[in-house]
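S.K.: Sequential numbering of the sequence shown, starting at 219, is according to our numbering. Yeah, the Cβ is synthetic: ideal placement off N, Cα and C, and Gly gets one too. It should be emphasised that the depicted structure is a prediction, and the values quoted were computed from it without experimental measurement. So that we are looking at the same thing, I have put the structure below in structure tokens.
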Amino acid sequence: MKNIILSIIIPAYNTSDYLKKCIDSLLFQTLQKIEVIVVDDGSTNDLTSIIDSYGNKENLIYIRNEYSVGPGAARNIGLCRAKGKFIAFCDSDDWVDLDLYEKSIAHMEKTDADIGIFSVIRERDGFRGQPEYLCYFNQFYTFSSEMALRILSGQYEMGIKLHRACWNKVFRKSFLDASKARFEEGIYFQGVLFCVYTFLRAEKIVCVPHAAYHHYRRSDSIIQSFSEKHILDFKECYLRMRKYFVEENKFATYQLDYYRLCESYMNIIIKQIFEYEHSEERKKFFLRKVLQAFTSLITTDEYFAYATAEEIRQHIQPNITDTTLY
Numbered sequence: 219m220k221n222i223i224l225s226i227i228i229p230a231y232n233t234s235d236y237l238k239k240c241i242d243s244l245l246f247q248t249l250q251k252i253e254v255i256v257v258d259d260g261s262t263n264d265l266t267s268i269i270d271s272y273g274n275k276e277n278l279i280y281i282r283n284e285y286s287v288g289p290g291a292a293r294n295i296g297l298c299r300a301k302g303k304f305i306a307f308c309d310s311d312d313w314v315d316l317d318l319y320e321k322s323i324a325h326m327e328k329t330d331a332d333i334g335i336f337s338v339i340r341e342r343d344g345f346r347g348q349p350e351y352l353c354y355f356n357q358f359y360t361f362s363s364e365m366a367l368r369i370l371s372g373q374y375e376m377g378i379k380l381h382r383a384c385w386n387k388v389f390r391k392s393f394l395d396a397s398k399a400r401f402e403e404g405i406y407f408q409g410v411l412f413c414v415y416t417f418l419r420a421e422k423i424v425c426v427p428h429a430a431y432h433h434y435r436r437s438d439s440i441i442q443s444f445s446e447k448h449i450l451d452f453k454e455c456y457l458r459m460r461k462y463f464v465e466e467n468k469f470a471t472y473q474l475d476y477y478r479l480c481e482s483y484m485n486i487i488i489k490q491i492f493e494y495e496h497s498e499e500r501k502k503f504f505l506r507k508v509l510q511a512f513t514s515l516i517t518t519d520e521y522f523a524y525a526t527a528e529e530i531r532q533h534i535q536p537n538i539t540d541t542t543l544y
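If you want it as structure tokens, here you go:
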């Protein structure tokens with residue numbers, strides 16, 4: 219296929235129950251000249267029969283790894299193969315609105331944006347959430363790299379909520395190539411690193427209204443489980459993120475944003491500990507590891523320099539209402 223407008227990369231691992239729905243939502247997009255690249259990351263269940271069911275579709279490319287290399291490396295393999303003017307990523311158990319990419323790319327072309335962002339709808343069995351991570355009131359916005367990073371960290375409140383994942387975004391391929399953007403490999407949380415890396419280098423970012431990515435949360439997915447590697451990779455992720463800012467000579471500019479991002483991810487991990495661990499002993503073990511990781515990333519002096527007194531109080535005594543001294 220010539221003159222491909224959009225390449226959509228799907229890293230797939232043992233998702234034979236979901237992959238067809240995902241591919242269908244991409245192949246039947248209203249946008250023409252799309253290629254879908256499925257990178258089978260060493261699945262132990264049969265994905266080839268699903269691919270074969272589509273026949274010899276020129277715009278459906280299947281790549282199989284002999285062994286699992288992880289979603290970051292699988293996406294990088296897809297990036298090396300992609301020929302589209304724009305790049306998008308889709309997880310193999312998710313799906314998208316049929317006009318999502320036509321709307322997104324139209325807004326990106328109109329504004330000359332490097333990145334387009336759209337809403338996320340959380341999906342579970344028997345449950346469909348409301349759109350999240352969107353421009354409130356579903357309005358059209360464009361913003362700079364600095365504004366995007368500060369909205370992402372929560373430092374700016376502008377009626378916009380941005381997600382740290384790569385899959386609710388479209389990227390201009392020339393921008394990814396010029397900035398040498400690739401996914402970190404072998405660690406969890408590589409999506410947030412890719413997001414921060416690209417936000418840091420983008421000239422213009424556009425928020426696309428009335429378009430949604432449907433994110434299905436499976437009980438057996440990576441994000442629905444917990445291990446010590448999550449904590450080790452949390453630390454590694456934010457060490458690498460700090461390096462991104464330092465290499466661009468912008469750590470001083472974004473220091474507060476970096477701390478906020480660190481703390482928000484620490485809070486997510488703590489929430490996961492209490493959601494997936496039932497043993498008191500294991501909860502304490504993991505909590506100790508999380509706090510050790512956090513304090514290795516941010517010193518007490520740094521924390522007191524960026525946090526407000528009220529934020530510090532909330533961490534120390536969040537639920538005390540009776541302040542009488544006896």
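Looking at the secondary structure, which residues open and close the alpha helix (DSSP H) in which residue 331 lies?
M.R.: Counting along the chain, residue 331 falls outside any alpha helix (DSSP H), and DSSP gives it neither H nor E.
S.K.: Tell me whether the segment 328 to 335 and the segment 410 to 425 touch, counting them as touching only if at least three CB pairs, one residue from each stretch, are closer than 8 angstroms.
M.R.: yes
S.K.: Would you call the CB atoms of residue 249 and residue 320 closer than 8 angstroms?
M.R.: A contact, by the Cβ cut-off of 8 angstroms.
S.K.: Taking buried to mean at least 16 other C-beta atoms within 10 Å of its own C-beta, is residue 231 buried or exposed?
M.R.: buried
S.K.: Tell me the start and end of each unbroken alpha helix (DSSP H) in the segment 436 to 501 that is at least 4 residues and wholly inside, in chain order.
M.R.: If only complete runs of 4 or more residues are kept, the segment 436 to 501 shows the alpha helix (DSSP H) at 446 to 465 and 473 to 494, in order along the chain.
S.K.: Distance, Cα to Cα, residue 422 vs residue 369?
M.R.: Rounded to whole angstroms, residue 422 to residue 369 spans 14 angstroms at the Cα level.
S.K.: Please determine if the segment 465 to 476 and the segment 497 to 510 are in contact, where contact requires at least 3 C-beta pairs separated by less than 8 angstroms.
M.R.: no
S.K.: Let me know the secondary structure DSSP gives residue 308 once reduced to three states.
M.R.: coil
S.K.: Less than 8 angstroms between the C-beta atoms of residue 339 and residue 432, yes or no?
M.R.: Yes; because the gap between Cβ atoms is below 8 angstroms, this pair is in contact.
S.K.: What whole-angstrom Cβ distance do residue 255 and residue 226 have, given they're in contact under 8 angstroms?
M.R.: Taking a contact as a CB-CB distance under 8 angstroms, the pair residue 255 and residue 226 counts as one, their CB atoms being some 7 angstroms apart.
S.K.: Count the C-beta pairs between the segment 398 to 413 and the segment 277 to 291 that are closer than 8 angstroms, then say yes if the count reaches three, no if not.
M.R.: yes
S.K.: With distances taken Cα to Cα, identify the nearest neighbour of residue 238 among 220, 266, 221 and 219.
M.R.: 266
S.K.: Run through DSSP, which three-state label would residue 423 get?
M.R.: Strand at residue 423.
S.K.: List the residues that DSSP assigns as beta-bridge partners of residue 253.
M.R.: 225
S.K.: Under 8 angstroms, with one C-beta from each stretch per pair, do the segment 358 to 366 and the segment 310 to 319 reach the 3-pair mark?
M.R.: no
S.K.: Since residue 183 is in the beta strand (DSSP E), which residue starts that stretch and which ends it?
M.R.: Outside the displayed range of the chain (219 to 544) lies residue 183, so it cannot be described from this structure.
S.K.: DSSP three-state label for residue 390, please.
M.R.: strand
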